[in-house]
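**Q**
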Amino acid sequence: MPIHNHDITEIFEKVADLLEIEGANPFRVRAYRNAARVVGGMSQSLADLVARGEDLTRLPGVGQDLAGKITEIVKTGDLGLLKELEGRTPPALARLMNVAGLGPKRVHILHEKLGVTTAEDLKAAAQAGKVKELKGFGPKIEALVLEGLVQLAAAGKRFKLVTVEPVAESLRQHLQAVPGVDQVIVAGSYRRCKETVGDLDVLVTCEAAFRVLDALVSYEDVSKVLARGDTKSSVVLRNGLQVDLRVVPQESYGAALTYFTGSKAHNIAIRHLGVQRGLKINEYGVFKGEARVAGRTEAEVYAAVDLPYIEPELREDWGEIEAAQQGRLPRLITLTDIRGDLHAHTKATDGRNTLEEMAQAAKGRGYEYLAITNHSKRVSMAHGHDAKNLAAEMAEIDRLNGKLQGIVLLKAIEMDILEDGTLDLPDEILKELDLTVCAVHYNFNLSREAQTERIIRAMDNPYFNILAHPSGRLIHRREPYDVDMERLMRAAKERGCLMELDSQPDRLDLIDIHCKLAKDLGVKVSISTDAHSTADLNYMRWGIGQARRGWLEAPDVLNTRPWPELKKLLKRI
Ligand code: DGT
Ligand code: CA
Ligand code: CA
C-alpha cells in the first residue's frame, strides 16, 4: 500500500489531537504538530526516500525519533503510538473535535470539568448552560457548539477532494497495471472537481472484466467488499471511502463515462434531449431503436444531441446545456493561464519561508509576480504587522526586487477588517502598497445585515482591493459567516473592488456558485493560494478546479494578467 506524505501528516495530526485531548505535555503536542507541518511542506515523497534507504534525519526538522516514526508509517501503514492513543480515547470523545467551536484543547476541558464524552453529553451540557461557564468558553462558543452539533449530524460522511485525490490516484494506478486494461478513469463528482465527494465512481475499459474485479477486491487498501458482480463491484477503503467500479467494453466507454460523470441532473437533461430526437441514451450507448448510433467517446454522445463537448466541471444543469446550444460555453480557465499569486505569507508573520524563498518558489512555477500579504496587527496570534513592521517589510521587498530577476514581489497586506468596518492600519501606509487583500478574521457572529454592512463599509476605503476568503468557511469545520454575497459583489463592482477565490483545499472560498455570480455581475476574481509556505503555492490547482466549476474564464480572473495590466485594474483613486 503506497503511503503518501499526506497520510503521514494526517497520522501526526491525529497523534497531536489525541495527546491534547488527554491533556498531555504541550511540548509533546507541539512536536507532533511541527512534524505534521514539516512533512506537509515536503515536496519529495517520504515513502520513496525510505524505499531508497536514505537517512531521514538529514531532512530539516527531522530528528531520530521522528525519522523512526516516519519509517514505521511508511513500512506498516500505521503508527503504534496512534493505535495506543486510539485505544485509550473513547472514539465519541475524539469526534467532538469536529464540532464547530471545539478543538482538542477544549474537548479536554469539557471531558475533565464536565465529564463530557459523547455528542449527547455535550448537547445536554450546552443546553443546561454549563459550557459557557467554563474558562475560555463563554456564551458565543456555547451557541456555536449547539449549532455545530446540528451541522455535524447533517454533514454525513463526505470527503474533501484533497484527501481523496492521492487515494484515488493510487487506486487508478493499481488498476491501470492490470493486464488487458485500457482506460481507467475516476468519474462522478471527483471528475467534476466537487470540493467534497461522497464516493468514487471508477470506470475501466477491459475485455476481461473479472481480472479488474479481482484486482480491486484484493487491493491492499480495501477494508470491505460490499458487492461483486460480473462487471461491477463496490468496496470500502480503509479510510471509509466507498468505491463503485464498472468495467465496460470500449464501444460503451463514452456513454458510460458521460453517465457516471453525472451529475444526475445533467444526465437527465441530456437524456431528455435524446428523447426529443427519438434516441435512447444510457450507460451502454446512444440507441436508435436497437441500433447503437454513438457511445465510443463522450464527444459522440454530445454530438448525438447536437451539442459540443461539455467540460465535466460544468455538468450540473446550471445552464450549461442552454449555453452549449447557443454556442456560448465558457472556455474554462486552466492552471497555465495563471501569471502570479496575490496572497502569500512569510516568516515575518505566520508563514514558514522567507521573502526570498517565496519569491524563488513563485519564479520556479513560472510566475511573473507574487504579492506578499502578511497579516495586520489585529491578528495578533499570527504576529500581524503594525505600520512600522510593514514599512520595514516594504523596504526589504524593494531591496529584493532590485536583485531578483524574472519575478517581482508586490507589496501588500492581508488587512483585517475590524468590527466597525474600518481597516486595521492607517491610509498613510496603505497608499504605499501595491495592493491589499482584506478579510474578516473576528466577529463571525454578526447578523447578516450587520456583517454585510461591515464589509461594504470596509470597501468604502479606497485602499481596499480584494476581499479575501469572502465567506470565512472552513470545509467541514466552520460554517461561513452570514452575509449577503450578492450585495457584497454589487458593492464591490460599484467601488472597483475584487473578490478572492482562496485555493486552500480547506477553504475553497468563494464557492462555485459564487464564482459564477461574480462572473455574471462582472466582478473580477483573484485565484490565490494564501500560501504559508513555498509548498502551499501548489494549492493553485484546487482553486482552478473550483473556478472551473464556477464557469470562470481567463479574462474573468485578475491574476491571468501581466502586472502592468493588473495594476490598472487595482487602481481606484
Ligand atoms: P457524490 O458521490 O455524492 O459526490 O456525487 P456523484 O455525482 O458522484 O453521484 P453518485 O456517486 O451517486 O453517482 C455517480 C454518477 O452516476 C452520478 O453523477 C450520475 C450517475 N447516476 C447515479 N444515479 C443516477 C440516476 O438515478 N440517474 C442518472 N441519470 N444518473 C445517475
Ligand atoms: Ca460519486
Ligand atoms: Ca457512486
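Each residue of the sequence shown is one higher than the one before, starting from 269 at the first, in this note's numbering.
A virtual CB, placed ideally from N, CA and C, is assigned to each residue, including glycine.
In this text the structure is predicted, and so the values were computed from the model without any measurement.
So if DSSP puts H653 in a beta bridge, which residue, or which two residues, is it bridged to?
**A** Here the question's residue 653 lines up with position 385 in the sequence shown. According to DSSP, H653 bridges with S644.
**Q** Taking its Cβ as the centre, do 16 or more other Cβ atoms sit within 10 Å of I841, making it buried, or is it exposed?
**A** Taking the first residue of the sequence shown as position 1, residue 841 is located at position 573. Exposed: under 16 other Cβ atoms inside 10 Å.
**Q** Classify S438 as helix, strand or coil using the three-state DSSP reduction.
**A** By one-based count along the sequence shown, residue 438 stands at place 170. Helix, per DSSP.
**Q** Using a Cβ-Cβ cutoff of less than 6 Å, which residues in the same chain neighbour A393 once the five nearest sequence positions on both sides are dropped?
**A** Translated into positions along the sequence shown, residue 393 becomes position 125. For A393, where only same-chain residues beyond five positions count, the Cβ hits under 6 Å are L382, V384 and V399.
**Q** Using alpha carbons as the reference points, say which of V554, R363 and H274 lies closest to R745.
**A** By 1-based counting over the sequence shown, the position of residue 745 is 477. Selected option, being the one with the closest Cα: R363.
**Q** Please state whether DSSP places M753 in a helix, a strand or coil.
**A** If you number the sequence shown from 1, residue 753 lands on position 485. Of the three classes helix, strand and coil, the one that applies to M753 here is helix, per DSSP.
**Q** Look up R607 in the DSSP assignment and say whether it is helix, strand or coil.
**A** For the purposes of this step, residue 607 is identified with residue 339 of the sequence shown, where counting begins at 1. R607 falls in the coil class under three-state DSSP.
**Q** Run through DSSP, which three-state label would R514 get?
**A** On the sequence shown, position 246 is the one that residue 514 refers to. Strand at R514.
**Q** Which residue comes first and which comes last in the alpha helix (DSSP H) that contains C783?
**A** Counted from its first residue, the sequence shown places residue 783 at position 515. D780 to L789 is the span of the alpha helix (DSSP H), which, as asked, contains C783.
**Q** On the CB-based measure, 16 or more other CB atoms within 10 Å of its CB, does P447 come out buried or exposed?
**A** Locating residue 447 in the sequence shown gives position 179, counting from the first residue. Result: exposed.
**Q** Would you tell me roughly how many angstroms separate the C-alpha atoms of E340 and R326, rounded to the nearest one?
**A** Mapped onto the sequence shown, residue 340 falls at position 72. Mapped onto the sequence shown, residue 326 falls at position 58. Rounded to the nearest angstrom, the two C-alpha atoms are 17 Å apart.
**Q** Determine contact between the segment 571–581 and the segment 544–556, defined as no fewer than three beta-carbon pairs at a distance below 8 Å.
**A** Short answer: they touch.
**Q** DSSP three-state call for N293: helix, strand or coil?
**A** Taking the first residue of the sequence shown as 1, we reach residue 293 at position 25. In the structure shown, N293 sits in coil (DSSP, three-state: anything other than H, G, I, E or B).
**Q** Does N293 pass the burial test, meaning 16 or more other C-beta atoms within 10 Å, or should it be called exposed?
**A** On the sequence shown, residue 293 is found 25 positions in, with the first residue counted as 1. Exposed: under 16 other Cβ atoms inside 10 Å.
**Q** Taking 7 Å as the line, does the beta carbon of F555 fall inside it for any heavy atom of ligand 1?
**A** Counted from its first residue, the sequence shown places residue 555 at position 287. For ligand 1, not one heavy atom lies less than 7 Å from the Cβ of F555.
**Q** Can you tell me whether A759 is buried or exposed? The criterion is at least 16 other CB atoms within 10 Å of its CB, across all chains shown.
**A** Stepping through the sequence shown from its first residue, residue 759 is reached at position 491. Answer is buried; the Cβ neighbour count reaches 16.
**Q** Please determine, among H709, L509 and D450, the residue with the shortest C-alpha to C-alpha distance to G689.
**A** For the purposes of this step, residue 689 is taken as residue 421 along the sequence shown, with counting starting at 1. When only C-alpha atoms are compared, the closest one is H709.
**Q** Tell me, which residues are paired with K492 by DSSP?
**A** In the sequence shown, the residue the question calls residue 492 occupies position 224. K492 is bridged to V504.
**Q** Could you tell me if F427 is buried or exposed, where buried requires 16 or more neighbouring beta carbons within 10 angstroms of its beta carbon?
**A** For this step, residue 427 is matched to residue 159 along the sequence shown. By the 10 Å Cβ count, F427 comes out buried.
**Q** If you follow the alpha helix (DSSP H) that F478 is in, where does it begin and where does it stop?
**A** Working through the sequence shown from its first residue, we reach residue 478 at position 210. It spans A477 to V485 - the alpha helix (DSSP H) in which F478 sits, taken as one unbroken run.
**Q** What residues in its chain sit with their C-beta under 8 Å from that of A630, if we drop five residues either side in the sequence?
**A** Numbered from 1 along the sequence shown, position 362 holds the residue referred to as residue 630. If we look at A630 and ignore the five residues flanking it on each side, its Cβ neighbours are G608, D609, A612, Y637, L638, I675 and L805.
**Q** Helix, strand or coil, according to DSSP, for N550 in the structure here?
**A** For the purposes of this step, residue 550 is taken as residue 282 along the sequence shown, with counting starting at 1. Three-state result, N550: strand.
**Q** Let me know the secondary structure DSSP gives D798 once reduced to three states.
**A** What you label residue 798 is simply residue 530 of the sequence shown in a count that begins at 1. DSSP places D798 in coil when its eight states are reduced to three.
**Q** Do the segment 298–316 and the segment 271–284 meet, that is, are 3 or more Cβ pairs less than 8 Å apart?
**A** The segment 298–316, when compared against the segment 271–284, does touch it at the 8 Å Cβ threshold.
**Q** Which two residues bound the contiguous beta strand (DSSP E) that contains M365?
**A** As a first step, residue 365 must be located in the sequence shown, where it is residue number 97. It is not in any beta strand (DSSP E) - M365 carries neither H nor E in the DSSP assignment.
**Q** With DSSP run on the structure shown, which of helix, strand or coil describes S454?
**A** The residue you call residue 454 lines up with position 186 of the sequence shown. It should be pointed out that residue 454 corresponds to Val in this sequence rather than to Ser. Note: V454 maps to strand in three-state DSSP.
**Q** DSSP three-state label for I743, please.
**A** Within the sequence shown, residue 743 is the residue found at index 475, counting from 1. Reduced to three states, the DSSP call for I743 is coil.
**Q** Does the Cβ of Y275 have 16 or more other Cβ atoms within 10 Å, making it buried, or fewer, making it exposed?
**A** Mapped onto the sequence shown, residue 275 falls at position 7. The sequence given here places Asp at residue 275; Tyr does not occur at that position. Buried, because 16 or more other Cβ atoms sit within 10 Å of the Cβ of D275.
**Q** Using only alpha-carbon positions, find the residue among A299, E410 and R374 that is nearest to N713.
**A** Sequence index remark: in the sequence shown, residue 713 carries index 445 (1-based). When each option's Cα is compared against that of N713, the closest is E410.
**Q** If P270 sits next to S486, beta carbons under 8 Å apart, how far is it from one beta carbon to the other, in whole angstroms?
**A** Position 2 of the sequence shown holds residue 270. Position 218 of the sequence shown holds residue 486. That pair is no contact at about 15 Å.
**Q** With which residues is E581 paired in a DSSP beta bridge?
**A** For the purposes of this step, residue 581 is identified with residue 313 of the sequence shown, where counting begins at 1. For E581, which the question treats as bridged, DSSP gives no partner whatsoever.
**Q** Could you give the first and the last residue of the continuous beta strand (DSSP E) run that contains L468?
**A** Residue 468 sits at position 200 when you count from the first residue of the sequence shown. That run of the beta strand (DSSP E) goes D467 to C474.
**Q** Taking only runs that begin and end inside the segment 646–732, name each unbroken beta strand (DSSP E) of 3 or more residues, in chain order.
**A** As far as the segment 646–732 is concerned, its whole beta strand (DSSP E) runs of at least 3 residues are 676–684 and 703–707.
**Q** Under DSSP, the alpha helix (DSSP H) around V561 begins and ends at which residues?
**A** The sequence position of residue 561 within the sequence shown is 293, counting from 1. No alpha helix (DSSP H) holds V561; the beta strand (DSSP E) holding it covers A559 to A562.
**Q** Provide the residue(s) that pair with M767 in DSSP beta bridges, ordered along the chain.
**A** Residue numbering aside, residue 767 sits at position 499 when the sequence shown is read from its first letter. Per DSSP, L735 and V793.
**Q** Hey, is D824 close to ligand 3, as in C-beta under 7 Å from one of its heavy atoms?
**A** Sequence index remark: in the sequence shown, residue 824 carries index 556 (1-based). The answer is no for D824.
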